[in-house]
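Chemist:
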Amino acid sequence: MGSLGGIPLYVLEFGDELVYFSPYTITLFLLALTFTLLAIVSRPERQVDVAFGGDAYTTKIISVDEMRFRRFMAIACGLASMGAMVTGDVFNFTLFTAMVGITNVGIVAAVKSPHVQDAAYQYGLVALSATVPLFGAAALYAAATGSLSMIELAKGTLPAVPLVAKALLVIGVVGEGMAPFYAAKAEMFRAPGAPYVIMCSLSSLLIFLRVAEVVMIG
Amino acid sequence: MIAELVLAMLFGLLLLGIHRKVIARIQRRPGPPVWQEILHAAKFSFKTTWVPATASGALFAGIVLVAVGIWTAAFFVMMTGGSLLIIFGIYMLHKIVEHAFGLSSGSPYGKFGGVRSVISAASEIPLFVSVAVIGLFTGSLELTEITAWEAVHGPLFFTAFPAVVAMYLVLLSKMPFGPFSIVESKELVSGYKTEHFGAWRAGLEVCNGLKTTVLLATFLLVFAGQLPVLWMVIGMILLTVSLSFACAVTPMLSPFDSVTIQSLVTALMLVYAGIVFTGVLP
Amino acid sequence: MWGEYSTGLLLVLVAAVIGFVALAVETDDLHRLLLLDLVEIAALGIIALLGSDLAEALILPGLTVGIAELLALSQIYVTKENLKDRPVRGLNIEVIQKADAPAVLSAFLVVYGLILSGFTGGGVAALGLVFFFASRGYKEDLEMLEMAGGISWAVWILAFFVFMFLPQYWFIALMCAGVGILIKVMVKLSLSGTVWGERHG
Amino acid sequence: MTGRIKRVAGRLAACGIVACGAAAALYLYGMLPFWAYAAVTVLGFPAAVVALFLWWMADEGKEDIPFIGY
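Chains as they are written, first to last, in the numbering used here: chain E, -4 to 213; chain R, 11 to 292; chain B, 11 to 211; chain G, 2 to 71.
This is the structure in structure tokens:
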């Protein structure tokens, strides 16, 4: 199963850091780019709350400082997910994934609401613990096959990647990119600031889509 | 391929119209004419349009472009027989589009529609397992190679029937008025679409038309193989009618039940993938 | 070799499982954060078991990411629990404050760090600085320190570009990288060792 | 808005349609690789469609606003 996401169109080798664009990774990369640009140019919306039992309603306004910080985090999150989309190195993928986890926490952590902060903290704990299976998986990849390059793994000449390593990788990604998995419980998505909150769910989904390709290689 | 694109969009809207009509007839209502959804798109397209004061302007308008854009891309991938992984990647990203639609306006109804759409994403992501099963059988995820494999070994419909069921549920959860359409349920007014009116809504309708065509056609391509165009069209209409029956006779589930059922299906698919993995691969 | 690796792996995984069980049992948020740091060590252990140069190269970013997450989470914890106003003083031990010993020890550590150079040297020198600040109390000039850290980081990166594009000047690049990382690590570690909160008493 | 939206949307729609049409024609005559054609269409089609809709009934600034009694 060499060409899962299509034939690599372009491979950039920079030492042993390699980046490759296949139709699949380029699609995901462009989507991350699009939403990052949207996060840069959009101003946050003003969330409307209806007061219970009456016609009155209030809008939440995000202060400029908070907006700046969250926008920065959203951009960092976009960059991290773009990196995770095109990297051809398993360890780099896990690093980018861990970074997506941090920035996801950062995006919502600036919201001055106790519920949101608590949700962000709990999510952060899970994201932090997910780095264990993530890095463990990358180390197992290296130990079992002697290579971390996805191009090398896809050639099929190396020993097969143990199923445990793949499972650990998926568990790690699920833990890091938990945002959509956590939604049922999270106050995270209720936080105002749509362009930034969307980066949370988008980045998680993107790294999940990428890991689906990664585990099928090798 | 521009003409095909526009035709696919109109055909998708027609399918959605047929969907509404069949549901109405099953429920003994007269129902709208089958071209109602096309008229709908046209109607919205000539309403005066602006951006709500509370909305996040660029996101509010930009997401409509993204919505049409991703399904245009998916249409291209399907027509050229590209990777199935891309199409289902775009399918998953449609969740994010819904999320953005809902959140960008600031309206509480939109917000809950968007949040619900993300909740159900969690249970649909692992439906990728069925894509993996297809990959295990055919050794590739390129649509052209899958159809070539089917020309030799017969349709996947019989070979991988559980995957068919899982994928059918994917289609069902994207059809309006279905048991899993919690994002559009009526207590949220129109869910994530509530605040997108006028030209924005018309753009969304264009996206829905394309989406319906792409998903149904991909389903047929993957499980029945390459068919002549006429058979393809008939197949898609039949598929729509069967989906309409499923939608008409089942009530909408509560968000919790919807996610639970989808998760159960996912678990079953994982077991099936495990069996295939040990059975098919030596 | 494989046998040794598997045994080591088993041990690390058992350690990780113990850590996760403790994590599941613990309910206090702060304690969970601390336990997580322990669990994180297990991940580094798995990488370290590779026992190659690659492993060494991989541990560093892994460690950095782990520390970054830990810092971010502890910051959230502080805001979450409204722990902002918390005046902090230097180590209030009479013996240390009156004597000259801290200065001598710090100077020794810094000089030793300079001789060691590189990452380890930075760590040792930073320990000296932190010890000095901690025992004497200090007037902050964190901006200066931050700037020094930033510039030395830039020097470090520059050295990498020299390695890549002008390999004939490897020696100067090596010196730049060695000094750059020394100062950077020293500054960063002493910063994280002395930043104690919003207000200082 | 005095017709600004109408002008901008009209131009955008025209550009999008021309770009898509040109890309399709060039691809048909083999003068454009497929990926470029697909990229132009994916970018141009949504812009053209939405801009066309916006242009259709956009405010031209000449309307008489009726007094409806508030």
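Think of the CB as a built atom: it goes at the ideal place given N, C-alpha and C, for glycine as much as any other residue. Fair warning: this is a prediction, and the values are worked out from it, not measured in the lab.
Consider the Cβ of Ile96 (chain R): report whether some Cβ of chain G lies at a distance smaller than 8 Å.
Modeler: For the purposes of this step, residue 96 (chain R) is identified with residue 86 of the second sequence, where counting begins at 1. Ile96 (chain R) does not count as touching chain G.
Chemist: Would Cys21 (chain G) count as contacting chain R if we go by Cβ distances under 8 Å?
Modeler: Position 20 of the fourth sequence holds residue 21 (chain G). It does: the Cβ of Cys21 (chain G) has a partner Cβ on chain R nearer than 8 Å.
Chemist: What does Tyr116 (chain E) touch in chain B if you count any residue whose Cβ is under 9 Å from its own?
Modeler: Numbered from its first residue, the first sequence carries residue 116 (chain E) at position 121. Within 9 Å Cβ-Cβ: Asp39, Leu43, Leu83, Ile86, Tyr87 and Lys90.
Chemist: Mind checking if Val41 (chain G) is an interface residue toward chain R, Cβ cutoff 8 Å exclusive?
Modeler: Position 40 of the fourth sequence holds residue 41 (chain G). By this cut-off, Val41 (chain G) is not an interface position.
Chemist: Buried or exposed: Ala105 (chain E), going by 16 or more other Cβ atoms within 10 Å of its Cβ?
Modeler: Counting from one through the first sequence, the residue named residue 105 (chain E) turns up at place 110. Its Cβ being crowded by 16 or more others within 10 Å, Ala105 (chain E) is buried.
Chemist: Extract the residue ranges of the alpha helix (DSSP H) inside the region 92 to 172 of chain R, only unbroken runs of 4 or more that lie entirely within it.
Modeler: List check, alpha helix (DSSP H) in window: 94 to 114, 118 to 134, 138 to 148, 153 to 163 and 166 to 169.
Chemist: Just grab the DSSP bridge partners of Lys55 (chain E) for me.
Modeler: Here residue 55 (chain E) is taken as the residue at index 60 of the first sequence, counted from 1. Its beta-bridge partners are E:Gln42.
Chemist: Could you name the residues of the region 15 to 31 of chain E whose beta carbon sits closer than 8 Å to any beta carbon of chain R, in the order they occur along the chain?
Modeler: From the region 15 to 31 of chain E, only Pro18, Tyr19, Thr22, Leu23, Leu26, Thr29 and Phe30 have a Cβ closer than 8 Å to chain R.
Chemist: Are the C-beta atoms of Ile28 (chain B) and some chain C residue less than 8 Å apart?
Modeler: This model lacks chain C altogether; the protein chains it does include are E, R, B and G.
Chemist: Among residues of its own chain, excluding the 5 on either side of Glu50 (chain B), which ones have a beta-carbon nearer than 8 Å to its beta-carbon?
Modeler: For the purposes of this step, residue 50 (chain B) is taken as the residue at position 40 of the third sequence. Closer than 8 Å at Cβ, skipping near neighbours: Gly76 and Leu80.
Chemist: Give the secondary structure of Thr204 (chain R) by DSSP, where H, G and I count as helix, E and B as strand, and everything else as coil.
Modeler: One-based indexing of the second sequence puts residue 204 (chain R) at position 194. Coil.
Chemist: Which word fits Glu160 (chain R), buried or exposed, when buried means at least 16 other C-beta atoms lie within 10 angstroms of its C-beta?
Modeler: Working through the second sequence from its first residue, we reach residue 160 (chain R) at position 150. Glu160 (chain R) comes out buried.
Chemist: Which residue spans inside the region 133 to 204 of chain E form an unbroken alpha helix (DSSP H) run of at least 4?
Modeler: Runs found: 145 to 150, 158 to 171 and 174 to 177.
Chemist: If the criterion is Cβ atoms closer than 8 Å, does the pair Val74 (chain R) and Val51 (chain G) meet it?
Modeler: In the second sequence, the residue the question calls residue 74 (chain R) occupies position 64. In the fourth sequence, the residue the question calls residue 51 (chain G) occupies position 50. Against a cut-off of 8 Å, the Cβ pair of Val51 (chain G) and Val74 (chain R) comes out as a contact.
Chemist: Judging by CA-CA distance, which residue of R:Met89, R:His29 and R:Lys105 is the nearest neighbour of Leu237 (chain R)?
Modeler: Here residue 237 (chain R) refers to the residue found at position 227 of the second sequence. For the residues R:Met89, R:His29 and R:Lys105, the minimum Cα distance to Leu237 (chain R) belongs to R:Met89.
Chemist: Tell me the DSSP bridge mates of Asp84 (chain E)?
Modeler: Counting from one through the first sequence, the residue named residue 84 (chain E) turns up at place 89. Bridge partners of Asp84 (chain E): E:Ser144.
Chemist: Can you have a look at Glu91 (chain B) and say buried or exposed, based on whether 16 or more other CB atoms are within 10 angstroms of its CB?
Modeler: Looking up residue 91 (chain B) in the third sequence gives position 81. Answer is exposed; the Cβ neighbour count stays below 16.
Chemist: Using a Cβ-Cβ distance under 8 Å, would Arg63 (chain E) count as near chain R?
Modeler: Sequence index remark: in the first sequence, residue 63 (chain E) carries index 68 (1-based). Taking Cβ atoms only, chain R never reaches closer than 8 Å to Arg63 (chain E), which makes this a no.
Chemist: By a C-beta neighbour count over all protein chains shown, 10 Å radius and 16 as the cutoff for buried, is Pro1 (chain B) buried or exposed?
Modeler: Since the first residue shown for chain B is 11 and the last is 211, residue 1 (chain B) is missing from the structure and cannot be characterised.
Chemist: Run through DSSP, which three-state label would Ser264 (chain R) get?
Modeler: Mapped onto the second sequence, residue 264 (chain R) falls at position 254. Ser264 (chain R) falls in the coil class under three-state DSSP.
Chemist: Should the region 52 to 59 of chain B be called in touch with the region 122 to 142 of chain E, which here means at least 3 C-beta pairs below 8 Å?
Modeler: Output reads yes: the region 122 to 142 of chain E touches the region 52 to 59 of chain B.
Chemist: Starting from Gln85 (chain B), trace the alpha helix (DSSP H) in both directions and tell me its first and last residue.
Modeler: Walking along the third sequence from the start, residue 85 (chain B) turns up at place 75. Where Gln85 (chain B) is concerned, the enclosing alpha helix (DSSP H) stretches over Asp63 to Lys90.
Chemist: Which bits of chain E does His109 (chain R) rub up against, with CB to CB less than 7 Å?
Modeler: Residue numbering aside, residue 109 (chain R) sits at position 99 when the second sequence is read from its first letter. Going along chain E in sequence order, the residues near His109 (chain R) (Cβ under 7 Å) are Ile193 and Ser196.
Chemist: Which chain R residues are close to Leu44 (chain G), counting only those with a beta carbon under 8 Å from its beta carbon?
Modeler: Numbered from 1 along the fourth sequence, position 43 holds the residue referred to as residue 44 (chain G). Chain R residues near Leu44 (chain G): Gly79.
Chemist: Hey, out of R:Ala173, R:Leu23 and R:Ser195, whose CA is closest to Leu230 (chain R)'s CA?
Modeler: As a working note, residue 230 (chain R) is residue 220 in the second sequence. Comparing Cα-Cα distances from Leu230 (chain R) to each of R:Ala173, R:Leu23 and R:Ser195, the minimum goes to R:Ala173.
Chemist: What is the residue span of the alpha helix (DSSP H) that Ser55 (chain R) lies within?
Modeler: Here residue 55 (chain R) refers to the residue found at position 45 of the second sequence. Looking at the DSSP string, the run of the alpha helix (DSSP H) that includes Ser55 (chain R) is Gln46 to Ser55.
Chemist: How should Phe130 (chain E) be labelled, buried or exposed, when 16 other C-beta atoms within 10 angstroms of its C-beta is the threshold for buried?
Modeler: Position 135 of the first sequence, counted from the first residue, corresponds to residue 130 (chain E). Looking at its Cβ environment, which holds 16 or more other Cβ atoms inside 10 Å, Phe130 (chain E) is buried.
Chemist: May I have the straight-line CA-CA distance separating Gln117 (chain E) from Arg39 (chain R), to the nearest angstrom?
Modeler: Start at 1 with the first residue of the first sequence, and residue 117 (chain E) comes out as number 122. Start at 1 with the first residue of the second sequence, and residue 39 (chain R) comes out as number 29. Taking the straight line joining both Cα atoms gives about 50 Å.
Chemist: Give the secondary structure of Gly138 (chain B) by DSSP, where H, G and I count as helix, E and B as strand, and everything else as coil.
Modeler: Taking the third sequence and counting its residues from 1, the one referred to as residue 138 (chain B) is at position 128. Of the three classes helix, strand and coil, the one that applies to Gly138 (chain B) here is helix, per DSSP.
Chemist: Output the distance between the C-alpha atoms of Leu197 (chain E) and Thr31 (chain E), rounded to the nearest integer angstrom.
Modeler: Residue 197 (chain E) sits at position 202 when you count from the first residue of the first sequence. Residue 31 (chain E) sits at position 36 when you count from the first residue of the first sequence. For Leu197 (chain E) and Thr31 (chain E), the distance between alpha carbons rounds to 10 Å.
Chemist: Under DSSP, the alpha helix (DSSP H) around Lys31 (chain R) begins and ends at which residues?
Modeler: The sequence position of residue 31 (chain R) within the second sequence is 21, counting from 1. First-last of the alpha helix (DSSP H) with Lys31 (chain R): Ile12 to Ile36.
Chemist: Leu80 (chain B) touches chain E at which residues, Cβ-Cβ below 9 Å?
Modeler: Residue numbering aside, residue 80 (chain B) sits at position 70 when the third sequence is read from its first letter. Leu123, listed in chain order.
Chemist: I'd like to know if Gly99 (chain R) contacts chain E, where contact means its C-beta is closer than 8 Å to some C-beta of that chain.
Modeler: Along the second sequence, read from residue 1 onward, the residue named residue 99 (chain R) stands at position 89. Cβ-Cβ to chain E under 8 Å: yes for Gly99 (chain R).
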